[in-house]
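S.K.: Next up is a structure, given as structure tokens.
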Amino acid sequence: MARRRLRLLHTSDVHLGAYDSRHGDGVRRQELHDNFSRVIDVAIVEQADALLIAGDFFDNARVFEETLHFAADEIARFGRTTVIGPGNHDHVGPGSVYDRVDLTERAPNLRILRTPKGERIAFPELDLEVWGTSHTERDAHYRPFEGAPGRGEAPWQIGIGHGHFLGPNALLHGSFHIRAEHLEATGLDYIALGHWEHLTRVEAGEGVVAAYSGAPDALSGNRKGHGGHVLVVDLCEDGSVRLEAVPVGEGDRIPHDQLPYLPAMD
Ligand SMILES: [Mn+2]
């Protein structure tokens, strides 16, 4: 049965507020803001139906209140369905950044996954459901997709998760493990991953497409300040999922078949 065509935009690890300080020149703070505004610009230009933010949207719980307002106002400028899946930097435990200001007052189009064990949000007007768990503070044993439920009711089933995919040389003493078999077991159409600054599609088994969009503005590495990529995710009528990376700053678009790809660990 044919499904309706949908276009998603996937970003993560924006780390808004990472440079909120009363000292210094504020240049990096402005770059972070500008690069998130460019993400919103891409979402508008590419006519995305929904925006997925896969964690570490805010850098910490003490960011300036004006940073929270900026974030909400930019999401409101996009104006379409937006879902945040909180990461380790913007966890939903006690003292959560999301308890400070109700972002949805300024951005009624925003939903936040706030249930540590996972919740599914339905968007019937888009034939879409989005599922994801949420980080709480200091739970190193948290596994974003372990024991995830299968598909829900809607034609399009999307997941959001924030953690370390276990590739061939993964360090098993690390935190927030995401295993390829966990991703495959969800049966979801697309899984938007966050926690890594670099754009990478990962092995997720038969019928499941999963990728890290990478950060729009890497806090480390040689692209600092210059912008990374966002992922345009096309959910096609035949059920297939096609990705395209769009640069946030300067750079080239990267088609699905040329995206960096990481297989699962042996
Ligand atoms: Mn993270």
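Quick note: the sequence shown uses the numbering used here, first residue 23, plus one each step.
Cβ coordinates follow ideal geometry from the N, Cα and C atoms, glycine included.
1. With 16 as the cutoff for other CB atoms within 10 Å, does Ala144 come out buried or exposed?
2. Taking one C-beta from the region 176 to 189 and one from the region 147 to 155 each time, how about it: are there three or more such pairs within less than 8 Å?
3. Can the beta-carbon of Leu253 be found closer than 9 Å to that of Ala240?
4. When you compare the region 266 to 285 with the region 48 to 60, are there three or more beta-carbon pairs, one atom per stretch, that lie closer than 8 Å?
5. Label Thr103 either buried or exposed according to how many other C-beta atoms from any shown protein chain fall within 10 Å of its C-beta, with 16 as the threshold for buried.
6. What's the C-alpha gap between Phe187 and Asp42?
7. Taking the alpha carbon of Glu219 as the reference point, which residue from His199, Gly250, Arg44 and Gly189 has its own alpha carbon closest?
8. Between His55 and Leu74, is the Cβ-Cβ spacing less than 9 Å?
9. Mapping DSSP to helix, strand and coil, what is Pro282?
10. When DSSP labels each residue in this structure, what does Thr137 get in the three-state scheme?
11. Where Val36 and Gly169 are concerned, what is the direct C-alpha to C-alpha distance, given to the nearest angstrom?
12. By alpha-carbon positions, which one of Leu90, Thr158 and Tyr212 ends up nearest to Arg128?
13. Mind checking whether the beta-carbon of Gly174 lies closer than 8 Å to any heavy atom of ligand 1?
14. Thinking C-alpha only, which one of Ala70, Thr158, Thr137 and Glu88 is nearest Asn110?
15. Any chance the region 119 to 138 sits against the region 189 to 205, with 3 or more Cβ pairs inside 8 Å?
16. Quick one: residues in its chain with C-beta nearer than 6 Å to the C-beta of Gly115, no 5 flanking neighbours on either side, listed in chain order?
17. Could you say if the region 24 to 34 and the region 65 to 83 meet the contact criterion of at least three C-beta pairs nearer than 8 Å?
18. Please check the pair Val231 and Val263, which I expect to be a contact at CB under 8 Å, by giving their CB distance rounded to whole angstroms.
19. What residue from Gly209, Glu68 and Asp149 has the CA that sits closest to Asp172's CA?
20. Are Arg165 and His217 touching if we call contact CB-CB under 9 Å?
21. Around the Cβ of Tyr120, are there at least 16 other Cβ atoms within 10 angstroms (buried) or fewer (exposed)?
M.R.: Put simply:
1. Exposed.
2. Look at the beta carbons and you see the region 176 to 189 touching the region 147 to 155: at least three pairs across the two are nearer than 8 Å.
3. No, Cβ-Cβ distance for Leu253 and Ala240 is not below 9 Å.
4. Touching, yes.
5. Looking at its Cβ environment, which holds 16 or more other Cβ atoms inside 10 Å, Thr103 is buried.
6. Take the alpha-carbon of Phe187 and the one of Asp42: they are about 30 Å apart.
7. For Glu219, the nearest C-alpha among the options comes from Gly250.
8. Judged by their CB atoms, His55 and Leu74 are not nearer to each other than the 9 Å cut-off.
9. Of the three classes helix, strand and coil, the one that applies to Pro282 here is coil, per DSSP.
10. Here Thr137 sits in coil by DSSP.
11. Taken atom to atom, the span from the alpha-carbon of Val36 to that of Gly169 is near 28 Å.
12. In terms of CA proximity to Arg128, Leu90 leads the group Leu90, Thr158 and Tyr212.
13. Checking every heavy atom of ligand 1 against the Cβ of Gly174, none is found closer than 8 Å.
14. Of Ala70, Thr158, Thr137 and Glu88, the residue nearest in Cα terms is Thr158.
15. Inter-segment contact for the region 119 to 138 and the region 189 to 205 is absent: fewer than three beta-carbon pairs are separated by less than 8 Å.
16. Closer than 6 Å at Cβ, skipping near neighbours: Thr158 and Glu159.
17. The region 24 to 34 makes contact with the region 65 to 83, as at least three CB pairs between them are under 8 Å.
18. Right, the Cβ-Cβ distance comes to about 4 Å (below 8 Å), so this counts as a contact.
19. Asp is not the amino acid found at residue 172; the sequence shown has Gly there. Of the listed residues, the one whose Cα sits closest to Gly172 is Gly209.
20. For Arg165 and His217, no; Cβs fall outside 9 Å.
21. By the C-beta density criterion, Tyr120 is buried, having at least 16 other C-beta atoms within 10 angstroms.
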